[in-house]
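Enquirer: Chains as they are written, first to last, in the numbering used here: chain A, 453 to 901; chain B, 57 to 133; chain C, 57 to 133; chain D, 57 to 133; chain E, 57 to 133; chain F, 57 to 133; chain G, 57 to 133. Glycine included, every Cβ here is placed at the ideal spot set by N, Cα and C. Submitted below is the structure of interest, expressed as structure tokens.
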Amino acid sequence: MGTERYLTVIALTKYIKRKFDKDPHLQNVFVKGEISNFKQHSSGHMYFTLKDEKARILAVMFSRYNQNMKFQPENGMKVLIKGDLTVYEQSGQYQIYIKEMQPDGIGELYLAYEQLKEKLETEGLFSPKAKQDIPKYPECVGVITSPTGAAVRDIITTIRRRYPIAKIIVYPALVQGNQAAPSIVNCIKQANADGQADVLIAGRGGGSIEELWAFNEEIVARAIYKSELPIISAVGHETDFTIADFVADLRAPTPTGAAELAVPHIDELAERIWNRQSRLIRTMRESMSRQNIRLTRIRKSYAFRNPQKLYEQKLEQVDKYAEQLKRGAEKLFLIKQEEQKLLLKRLDRARPQELLQEAKQRYENSNKYLTRNMTAILHSKQKDFKHILSSLEAMSPLKIMDRGYSLVYSENGELAKSVKAVNVNDKVKIQFSDGSAECTVVDTEGKSI
Amino acid sequence: MTADKKVTFEEAMEQLEEIVEQLEEGDVPLEEAIDIYKKGMELSKLCHDKLKNVEAQIAEMITEDGKREPFAIAEEE
Amino acid sequence: MTADKKVTFEEAMEQLEEIVEQLEEGDVPLEEAIDIYKKGMELSKLCHDKLKNVEAQIAEMITEDGKREPFAIAEEE
Amino acid sequence: MTADKKVTFEEAMEQLEEIVEQLEEGDVPLEEAIDIYKKGMELSKLCHDKLKNVEAQIAEMITEDGKREPFAIAEEE
Amino acid sequence: MTADKKVTFEEAMEQLEEIVEQLEEGDVPLEEAIDIYKKGMELSKLCHDKLKNVEAQIAEMITEDGKREPFAIAEEE
Amino acid sequence: MTADKKVTFEEAMEQLEEIVEQLEEGDVPLEEAIDIYKKGMELSKLCHDKLKNVEAQIAEMITEDGKREPFAIAEEE
Amino acid sequence: MTADKKVTFEEAMEQLEEIVEQLEEGDVPLEEAIDIYKKGMELSKLCHDKLKNVEAQIAEMITEDGKREPFAIAEEE
Numbered sequence: 453m454g455t456e457r458y459l460t461v462i463a464l465t466k467y468i469k470r471k472f473d474k475d476p477h478l479q480n481v482f483v484k485g486e487i488s489n490f491k492q493h494s495s496g497h498m499y500f501t502l503k504d505e506k507a508r509i510l511a512v513m514f515s516r517y518n519q520n521m522k523f524q525p526e527n528g529m530k531v532l533i534k535g536d537l538t539v540y541e542q543s544g545q546y547q548i549y550i551k552e553m554q555p556d557g558i559g560e561l562y563l564a565y566e567q568l569k570e571k572l573e574t575e576g577l578f579s580p581k582a583k584q585d586i587p588k589y590p591e592c593v594g595v596i597t598s599p600t601g602a603a604v605r606d607i608i609t610t611i612r613r614r615y616p617i618a619k620i621i622v623y624p625a626l627v628q629g630n631q632a633a634p635s636i637v638n639c640i641k642q643a644n645a646d647g648q649a650d651v652l653i654a655g656r657g658g659g660s661i662e663e664l665w666a667f668n669e670e671i672v673a674r675a676i677y678k679s680e681l682p683i684i685s686a687v688g689h690e691t692d693f694t695i696a697d698f699v700a701d702l703r704a705p706t707p708t709g710a711a712e713l714a715v716p717h718i719d720e721l722a723e724r725i726w727n728r729q730s731r732l733i734r735t736m737r738e739s740m741s742r743q744n745i746r747l748t749r750i751r752k753s754y755a756f757r758n759p760q761k762l763y764e765q766k767l768e769q770v771d772k773y774a775e776q777l778k779r780g781a782e783k784l785f786l787i788k789q790e791e792q793k794l795l796l797k798r799l800d801r802a803r804p805q806e807l808l809q810e811a812k813q814r815y816e817n818s819n820k821y822l823t824r825n826m827t828a829i830l831h832s833k834q835k836d837f838k839h840i841l842s843s844l845e846a847m848s849p850l851k852i853m854d855r856g857y858s859l860v861y862s863e864n865g866e867l868a869k870s871v872k873a874v875n876v877n878d879k880v881k882i883q884f885s886d887g888s889a890e891c892t893v894v895d896t897e898g899k900s901i
Numbered sequence: 057m058t059a060d061k062k063v064t065f066e067e068a069m070e071q072l073e074e075i076v077e078q079l080e081e082g083d084v085p086l087e088e089a090i091d092i093y094k095k096g097m098e099l100s101k102l103c104h105d106k107l108k109n110v111e112a113q114i115a116e117m118i119t120e121d122g123k124r125e126p127f128a129i130a131e132e133e
Numbered sequence: 057m058t059a060d061k062k063v064t065f066e067e068a069m070e071q072l073e074e075i076v077e078q079l080e081e082g083d084v085p086l087e088e089a090i091d092i093y094k095k096g097m098e099l100s101k102l103c104h105d106k107l108k109n110v111e112a113q114i115a116e117m118i119t120e121d122g123k124r125e126p127f128a129i130a131e132e133e
Numbered sequence: 057m058t059a060d061k062k063v064t065f066e067e068a069m070e071q072l073e074e075i076v077e078q079l080e081e082g083d084v085p086l087e088e089a090i091d092i093y094k095k096g097m098e099l100s101k102l103c104h105d106k107l108k109n110v111e112a113q114i115a116e117m118i119t120e121d122g123k124r125e126p127f128a129i130a131e132e133e
Numbered sequence: 057m058t059a060d061k062k063v064t065f066e067e068a069m070e071q072l073e074e075i076v077e078q079l080e081e082g083d084v085p086l087e088e089a090i091d092i093y094k095k096g097m098e099l100s101k102l103c104h105d106k107l108k109n110v111e112a113q114i115a116e117m118i119t120e121d122g123k124r125e126p127f128a129i130a131e132e133e
Numbered sequence: 057m058t059a060d061k062k063v064t065f066e067e068a069m070e071q072l073e074e075i076v077e078q079l080e081e082g083d084v085p086l087e088e089a090i091d092i093y094k095k096g097m098e099l100s101k102l103c104h105d106k107l108k109n110v111e112a113q114i115a116e117m118i119t120e121d122g123k124r125e126p127f128a129i130a131e132e133e
Numbered sequence: 057m058t059a060d061k062k063v064t065f066e067e068a069m070e071q072l073e074e075i076v077e078q079l080e081e082g083d084v085p086l087e088e089a090i091d092i093y094k095k096g097m098e099l100s101k102l103c104h105d106k107l108k109n110v111e112a113q114i115a116e117m118i119t120e121d122g123k124r125e126p127f128a129i130a131e132e133e
């Protein structure tokens, strides 16, 4: 148990708020009543109580919604309101949040207008997607309006002035009264059936809301929507907004404005064509000039103007090589020649003449000493011989006899050293130093000692 | 050129605009450019002729029963 | 040369620019260089002729266009 | 020599340079040197002829090019 | 001597140098020296003849080369 | 004597010099000495002849060498 | 005396010397001395002849040598 079953105030309040918000009948509610307790906050938001004799409800209109309002609300003013109901949680009060507010008085017409607008908008008739493009250069403009009004005059004059080549077809329509709406619808259908016009202008001059009312009729709106030809609406003055304006492919503020929107100005157009043409020519000339400059630059480029450069340097190089080749060959030849000469010189110098001289010298030496040495030996031997010979001669026993001695040799040739060695009648030989004599012994006599 | 006759003024103008823009963007090859240029010049001439050659039109009114009648502005108004 | 006729002006110009660059870089083999140079001369002539041709076409059209009379209607007003 | 005709200028020049270097370095046998030198002379002549040929071609092209008329547009500017 | 004809200049020079060195070193027997020297003289003559031959060929080629016409364009500049 | 022909000049000279030395030493028996001397004289003649021969060859070579023509190129410089 | 022929000059000289020494010693009977002396005289003759002989040979060889022609080159220098 405990307190779980008890709701918090906020929970309860949120629950209630959700109930309000979900209920379709409490959204886009149309309410009428009288303003009291009106206050406008400095932020622009409006706060007041909407009441009638029997009830009251708190109302809020935020500045976002009220800033384009054509009237200023005040206490006691009766107003028509469109808005959503919801709960303001902090005070637990339900309030109506106003989106649109009109002073009450037009009454049913205005309500009908709003309701139709709402309906058609929901159906998507105002959607930008449903809008057709207005042809830029219409050949034929269909005008749906009163043939007698100022509007038709303004439109035709304007078109004539701006774009005289466009054909104008007027589809005369009733633009006010009960028959106006079907008449306009008829014209739209007729124009579509014709198929001549490229664009339609549907509208009328200014007037009261009742006078303009045909353009708020559903059949007109649907006819405009259905039209295969694009339609420019031109109803009343700039401030007048009709359903037709919403559903038309283009809204013009005035009939003159519609004509200006429907056709271009022919001079401007011609100017435009001239302009495009001259741009074409200029662009083409510029492009040509650019290409020409580019080509000229290329043709004047160094490489193109001086094709000789392609080979001149090479030519120089060939000549250089040829020269080097010649010099190289000559140099090589000279080197070889020099080498050969040098060798030849060395060979000359190495000629074995010196060797020959040396050999000769050597030979001469030996040759000289050969005989000299031989002669020396001979002389030495001769000398030795002479020496010995004189020694021999000095020792000659024959020299004793020089003093008067003689030698006596017996008959047998022996030296007779004693008288006993000889007998009488022996033939003896007496040797003198300088010769000999043959003698016969006559007598012998021994020596008495 | 005969084919071009069926081109509406609007189409011709649009093509002309496209061509001018194309050329002005500048990266169109020369041969193509001269073709485009020619086409552009033709279109320009075509548009120009269309503006020039049409006589001023008289406004017509088609009555409820489908009859056509010239429409004169009520000058008196 | 006949094959080159199908080369567009831009292709020819691009080739020509490449050739100039090649030649200006300078280290192109001799035989190749002379071929390149010839090719360059041909391309140069080709581009020149194409430009002359285009120029003539433009000139012709401008002359034609120049004769165009002003708007009659515009003057009436 | 006929085989050499297919040698490019640059190849011939390279061969010539090698020969020159060989000769300048000096360590070439004498009998070989004369052959190398002959070869070098032939190469030099070949290169020379190729250059003459190129020169003639260029001269011809320049003459032809000289006859070409200048641009009208270029002069207008 | 006929066999020597196939000897290259450099080979002959090398042999000659060897001979010269041998002779310069000096300890060659006399008769051998005279034979070597004779050989040296022959080699020297061979080298000399080879050089004369090459000289003649170079001279001839240079003369031929001299006849070559100079470049026309190169002179113009 | 024919066998001696194969003796080189140097060998002959060495023998001769030995002989001279032998004789110089002096204590050679007379008969031996005269034999040696004779041998020496023979060797001396051999050497003499060899020298004459060499001398003649050299003389001839010098004469031949003198006839050799000089180089043209070398003189140009 | 024939046997003596084979005696060399030096042997003969030695014998001679011995004979001189013998004689110098003095105690040789005169008769013997005379014999020895006689022997010495014979030997002396032998030596003398040998010397003469050698001298003659030398003289002959010198004469021969003298006929030999002198060196040409040697004189030139």
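(1) With 7 Å as the limit, tell me which residues of the stretch 806-824 of chain A have their beta carbon closer than that to any beta carbon of chain F; keep them in chain order.
(2) I'd like to check one pair, D/Ala68 with D/Leu107: are the Cβ atoms closer than 8 Å?
(3) Roughly how many angstroms lie between the CA atoms of A/Leu850 and A/Ala828, to the nearest whole one?
(4) If we call anything under 8 Å between Cβ atoms a contact, is E/Val76 one with A/Leu786?
(5) For A/Asn668, I'd like the list of residues in its chain whose CB is within less than 6 Å of its CB, leaving aside the five on either flank, ordered along the chain.
(6) Within a Cβ cutoff of 8 Å, which residues of the same chain sit near B/Met117, ignoring the five residues on either side of it in sequence?
(7) Run through DSSP, which three-state label would A/Lys506 get?
(8) Look up A/Gln554 in the DSSP assignment and give the residues it is bridged to.
(9) For A/Tyr754, return the contacting residues in chain C, with the cut-off set at a CB-CB distance below 7 Å.
(10) In chain A, which residues lie with their C-beta within 7 Å of the C-beta of G/Leu72?
(11) Quick check: what's the CA-CA separation for E/Gln113 versus C/Asp91?
(12) So, is the C-beta of A/Tyr589 closer than 8 Å to a C-beta in chain D?
(13) With 8 Å as the threshold, decide whether the Cβ of A/Thr896 is near any Cβ in chain G.
(14) Can you look up A/Asn489 in the DSSP assignment and give me helix, strand or coil?
(15) Apart from the five residues on each side of it in sequence, which residues of its chain come closer than 6 Å, Cβ to Cβ, to A/Val860?
(16) Based on DSSP bridge pairs, tell me the residues matched to A/Thr538.
(17) Assign A/Thr827 to one of three DSSP states: helix, strand, or coil.
(18) Tell me which same chain residues have a C-beta within less than 7 Å of the C-beta of A/Val637, skipping the five on either side of it?
(19) Quick one: which chain F residues come within Cβ less than 8 Å of G/Lys106?
(20) Can you find a CB in chain C that lies within less than 8 Å of the CB of B/Glu132?
(21) Flag B/Val63 as yes if its beta-carbon sits less than 8 Å from any beta-carbon of chain A, otherwise no.
(22) Look at the alpha carbon of A/Thr460 and the alpha carbon of A/Ala704, and state the distance between them as a whole number of angstroms.
(23) In the DSSP assignment, find the alpha helix (DSSP H) that holds A/Glu690 and state where it starts and stops.
(24) Give the DSSP bridge partners of A/Tyr861, in chain order.
(25) Are the C-beta atoms of C/Glu67 and some chain A residue less than 8 Å apart?
(26) If you run the structure through DSSP and keep just helix, strand and coil, what is A/Tyr458?
(27) Under 7 Å Cβ to Cβ from A/Tyr562, same chain only, skipping five residues before and after it: list those, please.
(28) Quick one: using the 10 Å Cβ neighbour count with 16 as the cut-off for buried, is A/Gln805 buried or exposed?
(29) Relative to the alpha-carbon of A/Asn825, which residue among F/Leu86, F/Asp105, F/Lys62 has its alpha-carbon at the smallest distance?
(30) When the Cα atoms are used, what is the spatial distance from A/Gly535 to A/Lys551?
(31) Measure the alpha-carbon distance for C/His104 versus B/Gly82 and round it to whole angstroms.
(32) Helix, strand or coil for A/Leu702, going by three-state DSSP, please let me know.
(33) Taking a contact to mean a Cβ-Cβ separation below 8 Å, would you say A/Arg751 touches B/Glu73 in this structure?
(34) Give the interface partners of D/Lys94 over in chain E, defined as CB-CB distance under 9 Å, in chain order.
(35) Step through the CB atoms of chain D and report whether any lies within less than 8 Å of the CB of C/Ile90.
(36) DSSP beta-bridge partners for A/Thr597?
Expert: On the basis of the data shown:
(1) From the stretch 806-824 of chain A, only Leu808, Ala811, Lys812, Arg814, Tyr815, Ser818, Asn819, Tyr821, Leu822 have a Cβ closer than 7 Å to chain F.
(2) 8 Å or more divides the Cβ of D/Leu107 from the Cβ of D/Ala68.
(3) Whole-angstrom Cα-Cα distance: 34 Å.
(4) Not a contact, by the Cβ cut-off of 8 Å.
(5) For A/Asn668, where only same-chain residues beyond five positions count, the Cβ hits under 6 Å are Tyr565, Thr694, Ile695.
(6) Taking C-beta separations shorter than 8 Å and ignoring five residues to either side along the sequence, the partners of B/Met117 in its chain run Arg124, Glu125, Pro126, Phe127, following chain order.
(7) A/Lys506 carries a coil assignment under DSSP once its states are collapsed to helix, strand and coil.
(8) Partner(s): A/Leu532.
(9) Glu80, listed in chain order.
(10) Within chain A, the C-beta atoms nearer than 7 Å to that of G/Leu72 come from Ile840, Leu844, in chain order.
(11) Roughly 38 Å between the two C-alpha positions.
(12) Cβ-Cβ to chain D under 8 Å: no for A/Tyr589.
(13) Taking CB atoms only, A/Thr896 has no neighbour in chain G less than 8 Å away.
(14) Three-state result, A/Asn489: strand.
(15) Scanning its chain for C-beta atoms nearer than 6 Å, with the 5 sequence neighbours on each side dropped, one finds around A/Val860 the residues Ala868, Val880, Ile882, in chain order.
(16) Per DSSP, A/Gln547.
(17) The DSSP-derived three-state label of A/Thr827 is helix.
(18) The beta carbon of A/Val637 sits closer than 7 Å to the beta carbons of Ile671, Val672, Ala675 from its chain, once the five residues preceding and following it are set aside; these are given in chain order.
(19) Residues of chain F with a Cβ closer than 8 Å to the Cβ of G/Lys106 are, in chain order, Leu86, Glu87.
(20) For B/Glu132, the predicted structure reports a pLDDT of 43, less than 50, and the residue's modelled location is therefore unreliable. The matter cannot be settled from this model.
(21) Residue-level contact by beta carbon fails for B/Val63 and chain A, as no gap is shorter than 8 Å.
(22) The straight-line gap from Cα to Cα measures roughly 57 Å.
(23) In this chain, A/Glu690 is not harboured by any alpha helix (DSSP H), its DSSP state being neither H nor E.
(24) Checking the DSSP bridge columns, you'll see A/Tyr861 partnered with A/Leu867, A/Lys881.
(25) C/Glu67 does not count as touching chain A.
(26) Judged by DSSP in its simplified three-state form, A/Tyr458 adopts coil rather than helix or strand.
(27) The beta carbon of A/Tyr562 sits closer than 7 Å to those of Leu532, Gln554, all from its chain and outside the five residues before and after it, given in chain order.
(28) Buried, since its Cβ has 16 or more Cβ neighbours within 10 Å.
(29) For A/Asn825, the closest C-alpha among the options F/Leu86, F/Asp105, F/Lys62 is that of F/Leu86.
(30) In this model, A/Gly535 and A/Lys551 are separated by some 5 Å (Cα to Cα).
(31) Straight-line Cα distance between these residues: approximately 20 Å.
(32) Strand.
(33) A distance of 8 Å or more separates the beta carbons of A/Arg751 and B/Glu73.
(34) Under the 9 Å cutoff, chain E gives Gln113, Met117.
(35) In terms of beta-carbon proximity, C/Ile90 lines the interface with chain D, with at least one pair separated by less than 8 Å.
(36) Answer is A/Pro624, bridged to A/Thr597.
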